[in-house]
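Residue numbers for the sequence shown, in the working numbering: 217 to 592. Ideal Cβ placement from N, Cα and C applies to all residues, glycine included. The structure appears right after this line, and notes come after that.
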Amino acid sequence: MTLELASRSPLPEFDGSDRGGPEQPLLIVENFKKHFPIHSGVLNRAVAAVKAVDDVSFNVRKGETLGVVGESGCGKSTLARLLMHLLPHDEGRLVLDGDEVGERHGASLQDLRRSIQMVFQDSASSLNPRLPILESVAFGPRVRGASKTEARALAGDLLERVGLKAERFGGRYPHELSGGQKQRVNIARALALRPRLLILDEAVSALDKSVEAQVLNLLAELKEQFNLTYIFISHDLHVVRFISDRVLVMYLGQIVEIGPADDIYDNPQHPYTMALLECRLSMDPDARVDNAPLAGDPPNPINPPSGCRFHTRCPYVEDICMAKAPPLENVLASKAEGHLAACHMTHPGSGHSRASAAAPAALARAATPILTIPEA
Ligand SMILES: Nc1ncnc2c1ncn2[C@@H]1O[C@H](COP(=O)(O)OP(=O)(O)OP(=O)(O)O)[C@@H](O)[C@H]1O
Ligand code: SF4
Ligand SMILES: [Mg+2]
């Protein structure tokens, strides 16, 4: 079954083959920054900037699903758009399977866009209302040079693979489909361009739970079939755990924790991750929460707090937290490899009084009300 489509496909071949072997990350993101300027005055001068993504570095491994979580406005979608180059980054480097994007001898933007596709939350507005869905799916391959017949054959094949009979659904317009069906069409449309990496930005959030489960299972099957890598952005921490191999936690434009999914969920190290996990809805009706685990809104991204950006909401804040930004470093208390957190408590010798004490996960379990905004 693996890559069956590739052998059947009439599309011109794109060399998406693995160049550096399984150990070479599919993407390396280094020091990515995106600040949106805010203009004001008669001269429309830039007077400030929203620090939407601020010095973010991480890898995406081949074949993995990397979940991305964080509160609304923390920069998840901006990061996704930067990876696809739908937005240009202000600073940073992007390396695609060993080749730096935009460098003279590296990968071109065209290579990048061939390798990465995105599925957005709003399934309806992502589709052209005037095109039958078969044509919508065939559109990308047509633009890439496939003949009409070839592109339609591919589109029909992909619709079948996402569970929509081409004969029955191919001629329908988006308004004649349910939300789940539309999202399947969006997935087929993204796959028609043969990406290696699919970014799913809240792609299942608008679906009801039973349809969501179907689409998640479909994504898992397609990942195997097409040898895909996913970046899965979601607010739903249960779904992220279900689908992800690793999880990246963002707060106010920065990564605060990243690591294997089981380790992040069972042994979180950053107080923000702990609070997010505490916010998950419990299936146990007796599990009542008196104090909100995470109180207040995130601070203004135009003027983020000094030092650790989480210090205005963290119950463990000390002077060092306000003075110095904690680096994103390996967590020694974690047995899992590649578990990094940006918190002074997890770095021995940082100057935080709890740095060499018990692991913060244990502290969190011991503490009752969790996070509140300290009085100004
Ligand atoms: N084009 C833009 N111009 C100015 N500010 C922007 C622009 N796009 C996003 N922002 C700001 O950048 C920050 C990050 O936005 P982004 O959409 O990436 O957040 P998000 O984590 O995806 O949130 P959500 O979970 O609500 O989708 C927000 O403060 C947002 O207001
Ligand atoms: S660095 Fe300080 S303020 Fe930031 S999360 Fe850790 S303990 Fe809290
Ligand atoms: Mg978003």
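With 16 or more other Cβ atoms inside 10 Å of its own Cβ, residue 292 counts as buried. The DSSP assignment places 243-256, 261-276 and 281-285 as complete runs of the beta strand (DSSP E) inside the segment 220-307, in order along the chain (cut-off: 3 residues).
Boundaries of the beta strand (DSSP E) around residue 466: 462-467. Taking a cut-off of 8 Å for Cβ pairs, the segment 299-312 and the segment 485-492 do not touch, as fewer than three such pairs fall below it. Listed by position along the chain, the residues with Cβ atoms less than 5 Å from a non-hydrogen atom of ligand 2 are 487, 524, 526, 527, 530, 532, 533, 537, 542, 559, 560 and 561. When the five nearest sequence neighbours on each side are left out, the beta carbons in the same chain lying within less than 7 Å of the beta carbon of residue 523 are those of 537, 538, 539, 540 and 541, in order along the chain. Relative to ligand 1, even the nearest heavy atom lies 7 Å or more away from the CB of residue 557. Sequence-distant Cβ neighbours of residue 345 in its own chain, meaning closer than 7 Å and more than five residues away, are 389, 390 and 391. Scanning its chain for C-beta atoms nearer than 7 Å, with the 5 sequence neighbours on each side dropped, one finds around residue 353 the residues 371, 374, 375, 401, 404, 405 and 408, in chain order. Residue pairing by DSSP puts residue 417 in a beta bridge opposite 449. If you measure from each CB to the nearest heavy atom of ligand 1, the residues under 5 Å come out as 252, 266, 268, 288, 289, 290, 291, 292, 293, 294 and 517.
Straight-line measurement puts the Cα of residue 535 at about 21 Å from the Cα of residue 473. Just so you know, the alpha carbons of residue 482 and residue 475 end up roughly 11 Å apart. By the neighbour-count criterion, in which 16 or more other beta carbons inside 10 Å mark a residue as buried, residue 512 falls on the exposed side. A distance below 8 Å separates the beta carbons of residue 251 and residue 306.
With fewer than 16 other Cβ atoms from the protein chains shown falling within 10 Å of its own Cβ, residue 545 counts as exposed. Looking at 516, 340, 421 and 415, the one whose alpha-carbon comes closest to that of residue 330 is 415. Checking the 7 Å criterion, the Cβ of residue 338 is out of range of every heavy atom belonging to ligand 3. In the three-state reduction of the DSSP assignment, residue 487 falls in the helix class, which pools H, G and I. Residue 417 has its Cβ nearer than 7 Å to a heavy atom of ligand 3.
Out of 430, 327, 454 and 398, the CA that lies nearest to the CA of residue 337 is found in 398. Relative to residue 383, the option among 349, 367 and 361 whose CA is nearest is 349. Spanning the alpha carbons of residue 276 and residue 258 requires a straight line of approximately 44 Å.
DSSP places residue 390 in the helix class (H, G or I) of the three-state scheme. With distances taken between CA atoms, residue 462 lies nearest to 447 out of 447, 468 and 451.
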